[in-house]
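Student: Got a structure for you, questions after.
Number of protein chains: 2
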Amino acid sequence: MANGTGGSKDPILVVGGGIGGLAAALRLSRSGHDVVVLEKAAQFVEIGAGLQLAPNATRVLTSLGLMDKIREVGVFPNRLRLKTALTDENLSYLDLGEGFIQRYGAPYVVMHRNDLLTILLQGCQEQPSIELLPGKEIREVENQPDGVIAVCADGTSYRGKALIGADGLWSTVRKKFSDDAPVNSGYVSYRGTVPTDRATAHAPLDEVVAWIGPNLHYVQYPLRSGNLYNQVAVFKSDQYLKGMEDWGNSEELEEKLSVTCEHIRTAMPLLGRDHRWPMYDREPIDKWTIGNITLLGDAAHPMLQYLAQGACQAIEDAEAIGMAFDREPKNVTEALAMYERARTIRTARVQRNARLWGDMWHIDGAGRLMRDELFKTRDPDDHSHIEWLYGKRDLLEVRP
Amino acid sequence: MANGTGGSKDPILVVGGGIGGLAAALRLSRSGHDVVVLEKAAQFVEIGAGLQLAPNATRVLTSLGLMDKIREVGVFPNRLRLKTALTDENLSYLDLGEGFIQRYGAPYVVMHRNDLLTILLQGCQEQPSIELLPGKEIREVENQPDGVIAVCADGTSYRGKALIGADGLWSTVRKKFSDDAPVNSGYVSYRGTVPTDRATAHAPLDEVVAWIGPNLHYVQYPLRSGNLYNQVAVFKSDQYLKGMEDWGNSEELEEKLSVTCEHIRTAMPLLGRDHRWPMYDREPIDKWTIGNITLLGDAAHPMLQYLAQGACQAIEDAEAIGMAFDREPKNVTEALAMYERARTIRTARVQRNARLWGDMWHIDGAGRLMRDELFKTRDPDDHSHIEWLYGKRDLLEVRP
Chain U
5 MANGTGGSKD PILVVGGGIG GLAAALRLSR SGHDVVVLEK AAQFVEIGAG LQLAPNATRV
65 LTSLGLMDKI REVGVFPNRL RLKTALTDEN LSYLDLGEGF IQRYGAPYVV MHRNDLLTIL
125 LQGCQEQPSI ELLPGKEIRE VENQPDGVIA VCADGTSYRG KALIGADGLW STVRKKFSDD
185 APVNSGYVSY RGTVPTDRAT AHAPLDEVVA WIGPNLHYVQ YPLRSGNLYN QVAVFKSDQY
245 LKGMEDWGNS EELEEKLSVT CEHIRTAMPL LGRDHRWPMY DREPIDKWTI GNITLLGDAA
305 HPMLQYLAQG ACQAIEDAEA IGMAFDREPK NVTEALAMYE RARTIRTARV QRNARLWGDM
365 WHIDGAGRLM RDELFKTRDP DDHSHIEWLY GKRDLLEVRP
Chain L
5 MANGTGGSKD PILVVGGGIG GLAAALRLSR SGHDVVVLEK AAQFVEIGAG LQLAPNATRV
65 LTSLGLMDKI REVGVFPNRL RLKTALTDEN LSYLDLGEGF IQRYGAPYVV MHRNDLLTIL
125 LQGCQEQPSI ELLPGKEIRE VENQPDGVIA VCADGTSYRG KALIGADGLW STVRKKFSDD
185 APVNSGYVSY RGTVPTDRAT AHAPLDEVVA WIGPNLHYVQ YPLRSGNLYN QVAVFKSDQY
245 LKGMEDWGNS EELEEKLSVT CEHIRTAMPL LGRDHRWPMY DREPIDKWTI GNITLLGDAA
305 HPMLQYLAQG ACQAIEDAEA IGMAFDREPK NVTEALAMYE RARTIRTARV QRNARLWGDM
365 WHIDGAGRLM RDELFKTRDP DDHSHIEWLY GKRDLLEVRP
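Respectively, the protein sequence lines represent chains U and L. To convert a position in the first sequence, counted from 1, into our numbering, add 4. To convert a position in the second sequence, counted from 1, into our numbering, add 4.
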C-alpha cells in the first residue's frame, strides 16, 4: 500500500478536539504515538448539558486512568427509570447498583459534558507527546506517499502518519468518504441545567428518569456531585414537517409539552430556552477509511441520542483505534482498516437501534399500549437487551 | 310514556332474519312473546364462510337449547393461535380445552355461518309463536300510541308492541336514531372454504390460527365436523386509499400477500376469489332506542372482526333483550330502555377493542417488534385480557 507505515516518527493528526478526538489523542499517546489535535474553535469547550456514560465507555475511561477525576464531578445513579410522560406511571427500570457494576466491570455515570471534556483536556495537556492546536480549521486532508497532510484555513499545514477525522456531525473529513448528508429526524431538543435546590420538580436524586410519550419525551438527572440538575425536553416538530422556518421554537415546545403530566409541567419553567438542538443522525456507511485517513465519533456514525451512546461510541472508537495501532505497529494502513472493519459493523447496529429505541419511546396508539404493557411486565433483572451494548467485548472483533 | 306496554298480545316485530334477528326471535318466544320476523331477502340465508363463537355467545346458545345441534356440525378447537404472517413464528396461544370451558361455562366453537343460521331457523320454525316472513323490505317504522307499526315496500304493514331493528350494517331502522354512516376501514377480506382433504396447506386441525403481519392477516380453521376448511385473507388496500374504483381486487390480494410466509402462499391458491368484503364498522352511539323501537346486532354496533365478536355480541343482545322483557313484563318502553342502557356501554367497548386489536395485528416497525415480544413472553394461562369479554356477567348490568 502506498502509505504503509507512514513516517513512523510523524504524529497522528486528530481533526476535532471534542470528546472523541481528545479521548483518541490520549489513548494513542499512551501507546507511544505523538499526536497533534487540530481544533477549529478558538477554545476546547463542549456545549450542551448532561452526558450519560454507560459501562462500555467507563471501562475505557477507567483504563485511561480518568475515573478518579470523573468520580469527583460525576454522579453514579442507582437506577435508570422509564415512566409515561402523559400519566407519570412507572414502566420499567434498570438497576445500576453493585450487581450491574460487577456484571459490566464499570459503573454508569452521568456528568456535565464540559466536565468530561475538561478532564480529557487536562489529561492531554499532561502529555508532552500531545500537541493541542485550537483555531485550526481544516480545508483539505490528503494521503501522501509517506503519510498524510492536513491543510488549514489559516494557510498552515501539518504532516502526519495518519489522520483521524473526529470533527463531528458536520464533518469536513467525512466528505472524502461519502457525499451523504445528515438526516433531520424532525425532533428538536431543549437542554439545560439548574442548581438542584432551585429545581421546581425533580425525580429521586439517585435516578436518571426518562418520561416517554407520543412524539415527545423528557429526561432528568443530577450532575456535578448532585449540585446541578439536568433537564432535557424532546419533541417532534409539526412545524418542521410543514416546512416552517422557525420550527421547534419555544412556543411549539410549550404547546407540545402541555399534554404531559404535572411533574413535567412543573419542571419545565426552568428548562433552558436559549438554545435548541435539531436532532440529526446519518445512515450508517461501511467505508470510512482511505489509506491512512479515517473517521471517529459523530463524524463516522452520528446517532440519535435515544440509547445515550453518542459519546460512548466515540470513546469506544478511541480505544479501538489505539488497540489497532498496538496490533499493527508497523502498518498504519492496515491498523486503520482493522479499526474500520470492526467499528463500522458495531456502530451501524448502535445507530439503527438508537432510531428504533426512539420509535419505541415516541410511539402512540396500539403500539403505545403494547409498549407500556411490555415494559411494565419486563423483569428488571433481564439484561438480554443490553448485553450486546454494555457487555465486555474485544473492540476489534468484527461482530455487531 | 306514550307507548307503555303496547298491546300486550301484539307480537314483537323483528326486522331482519340474520343470526341476531333469529336468535332474538327464539329467545323472545321462549319468554312467551309472539314474534314476527320481517326479512328483506327471498330466503333466510347467510353469506360468508366460517364463524367463531366464544363462550359469551355459546352460553346463550346453550340456554336456548341449541348446543346439541351445534355439536353435530361445529368444531371445538383446542387452541387459538397467533403466528407471524411474514415468518410463520409462534407468538402466543389460548388454550380452549377443559380448563377454559370450566372457567367460562361453555366451549369455543367454530362453524359455518350458514349452519348456525339453519339451526336458528329450524328452532324458530318449530315455534308456533314465531312467524317468519321473507321478502319483506322495510320502508318505515314508527311508534304509535299503542305500539309500533312497520310498513313494507310491498305495501303491507305490521303492528307490534315493539320493533327490533336487526337489519345489519346498512340498517334502515338505524336511520331513526342516527344519521351516521358506516366507516370504511380500507381493509378488505376474502373468505372461503375448501374440502379439508384438498387444502394445499393447513394448520393443525384442532386449532384456529391467525397469522398477523403489517397491514394484513390470514386465518385458517376447520368447519363442519372438520370436513370443510375455512380461510380468510385480509389486507389494507392502498388502492382504496388512492381512491381507485376497483380497490381490493384479487390482483391487489396477490400482491399484498406475496410477502407472507410459505404456508400462507401455499394455502392461497384455493382461497375463494368470487366475493370480497370491504370491512366496515361504525362509531359507537349511546342512543339506539326510541319508545318501543330499538336496534340489535350489526344494526346497533357494527364492529371490525378482529375480536370475532360480531355474531357473539348479536347473540348477547338477543339474550339481554329477552331478559329485559322478563324483568319488565308490563312496560315495553322500560324494557327496551333497560336493554339499551346495558348494551350500548358493553358493545361500545367491544367495538373500540376490535379496532384496537386490528391495530395490534397490523402494526409495523417498532410497534411490531414490541408486539411480538409482548405476545411471545405472554403467559398462555393469563386470562386478564379476555375475562371482561368471555366471562360470565349479568347482561343487563350497566358496566363495560
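Positions of the beta carbon are idealized from the N, C-alpha and C atoms, including for glycine.
Taking C-beta pairs closer than 7 Å, name the residues in chain U that M374/L reaches, listed in chain order.
Tutor: The contacting residues are M364, G371, M374, R375 and L378.
Student: Does I134/U come within less than 9 Å of chain L when only Cβ atoms are used?
Tutor: It does not; no Cβ of chain L falls within 9 Å.
Student: Closer than 8 Å, Cβ to Cβ, to anything on chain U: give me those residues from the segment 290-319 of chain L, in chain order.
Tutor: Those residues of the segment 290-319 of chain L that come within reach of chain U (Cβ to Cβ, closer than 8 Å) do not exist; the list is empty.
Student: Output needed in chain order: residues of the segment 43-70 of chain U with a Cβ under 8 Å from some Cβ in chain A.
Tutor: Considering every chain present, this structure includes no chain A. Its protein chains are U and L.
Student: Can you find at least 3 beta carbon pairs, one from the segment 136-149 of chain U and one from the segment 44-54 of chain U, that sit closer than 8 Å?
Tutor: Enough Cβ pairs lie closer than 8 Å, so yes.
Student: How would you call E102/L, buried or exposed, if buried means at least 16 neighbouring beta carbons within 10 angstroms?
Tutor: Burial call: exposed.
Student: Hey, A27/U and A318/U are a contact pair by Cβ (cut 8 Å); roughly how many whole angstroms apart?
Tutor: With 8 Å as the limit, A27/U and A318/U qualify as a contact, their Cβ atoms being about 7 Å apart.
Student: Kindly identify the DSSP beta-bridge partner or partners of D285/U.
Tutor: According to DSSP, which records beta bridges pairwise, D285/U is partnered with V187/U.
Student: If the cut is a Cβ gap below 8 Å, which residues of chain L does L32/U touch?
Tutor: Chain L residues near L32/U: none, gap ~38 Å exceeds 8 Å.
Student: Going by the CB atoms, is the gap between L299/L and E322/L shorter than 9 Å?
Tutor: Note on identity: in this sequence residue 322/L is Ala, with Glu being the wrong assignment. No; because the gap between Cβ atoms is not below 9 Å, this pair is not in contact.
Student: May I ask which residues mark the beginning and end of the beta strand (DSSP E) holding K240/L?
Tutor: Per DSSP, K240/L belongs to the beta strand (DSSP E) from L232 to K240.
Student: Rounded to whole angstroms, what is the Cα-Cα separation between G78/U and E391/U?
Tutor: So the two alpha carbons sit approximately 24 Å from each other.
Student: If you draw a straight line from the alpha carbon of L232/L to that of G109/L, how long is it in whole angstroms?
Tutor: Cα to Cα, L232/L sits roughly 27 Å from G109/L.
Student: Among residues of its own chain, excluding the 5 on either side of E401/U, which ones have a beta-carbon nearer than 8 Å to its beta-carbon?
Tutor: Closer than 8 Å at Cβ, skipping near neighbours: A346.
Student: Terminal residues of the continuous alpha helix (DSSP H) containing L366/U?
Tutor: In the sequence as displayed, the identity of residue 366/U is His instead of Leu. Segment V336 to H366, the alpha helix (DSSP H) holding H366/U.
Student: Could you tell me whether the segment 238-250 of chain L touches the segment 201-216 of chain L, where touching means 3 or more Cβ pairs closer than 8 Å?
Tutor: No, they do not touch.
Student: W3/U bridges to which residues according to DSSP?
Tutor: Chain U is shown from 5 up to 404; residue 3/U falls before or after that span and cannot be answered.
Student: Can you give me, in chain order, the residues of the segment 344-368 of chain U that have a beta carbon less than 7 Å from any beta carbon in chain L?
Tutor: Residues passing the 7 Å Cβ filter: L360, D363, M364 and I367.
Student: Rounded to the nearest angstrom, how far is the Cβ of T197/U from that of A53/U, given a contact under 8 Å?
Tutor: At roughly 5 Å, the Cβ-Cβ gap stays under 8 Å, so T197/U and A53/U are in contact.
Student: Within this structure, are the beta carbons of I16/L and A166/L separated by less than 9 Å?
Tutor: Cβ atoms of I16/L and A166/L: closer than 9 Å.
Student: Which parts of the segment 37-104 of chain L are runs of the beta strand (DSSP E), unbroken and 3 residues or longer, counting only runs that do not cross its ends?
Tutor: If we require 3 residues or more, the beta strand (DSSP E) runs fully inside the segment 37-104 of chain L come out as 39-42, 54-57, 83-88 and 94-99.
Student: Determine the direct distance from the alpha carbon of M342/L to that of N7/L, and round the result to whole angstroms.
Tutor: For N7/L, the pLDDT reaches just 47, beneath the cut-off of 50, and the residue's location in the model is therefore unreliable, although a value from the coordinates is still provided. One C-alpha to the other measures close to 15 Å.
Student: For L167/U, write down the residues that DSSP places opposite it in a beta bridge.
Tutor: L167/U is bridged to L17/U and I297/U.
Student: Check whether the segment 323-339 of chain L and the segment 188-196 of chain L are in contact - that is, three or more C-beta pairs closer than 8 Å.
Tutor: Too few Cβ pairs lie closer than 8 Å, so no.
Student: Judging by CA-CA distance, which residue of A304/U, L32/U and R277/U is the nearest neighbour of I294/U?
Tutor: Comparing Cα-Cα distances from I294/U to each of A304/U, L32/U and R277/U, the minimum goes to A304/U.
Student: Helix, strand or coil, according to DSSP, for C156/U in the structure here?
Tutor: C156/U: strand per DSSP, three-state reduction.
Student: State the Cα-Cα distance for the pair R353/U and M307/U, rounded to the nearest angstrom.
Tutor: Looking at the two C-alpha atoms, the distance is approximately 10 Å.
Student: Excluding five sequence neighbours on each side, which residues of the same chain lie with their C-beta closer than 8 Å to the C-beta of K396/U?
Tutor: Cβ neighbours of K396/U beyond the five flanking positions: R63, Y108 and G109.
Student: Tell me, please, whether the CB atom of T381/L is closer than 9 Å to any CB atom in chain U?
Tutor: Closer than 9 Å to some Cβ of chain U, the Cβ of T381/L qualifies, so yes.
Student: Exposed or buried, I51/L, counting other C-beta atoms within 10 Å across all chains shown (16 or more means buried)?
Tutor: Exposed, since its Cβ has fewer than 16 Cβ neighbours within 10 Å.
Student: What's the gap between the Cα of S67/U and the Cα of R31/U?
Tutor: Their backbone Cα atoms lie some 9 Å apart in a straight line.
Student: Could you check the C-alpha separation between D14/L and P333/L for me, to the nearest Å?
Tutor: Their backbone Cα atoms lie some 13 Å apart in a straight line.
Student: Could you check where the beta strand (DSSP E) with Q148/U kicks off and where it finishes?
Tutor: From DSSP, the beta strand (DSSP E) with Q148/U extends over I142 to Q148.
Student: Can you look up Y244/U in the DSSP assignment and give me helix, strand or coil?
Tutor: If DSSP states are grouped into helix, strand and coil, Y244/U belongs with the helices.
Student: Is P267/U helix, strand or coil when you go by DSSP?
Tutor: Pro is not the amino acid found at residue 267/U; the sequence shown has His there. H267/U: helix per DSSP, three-state reduction.
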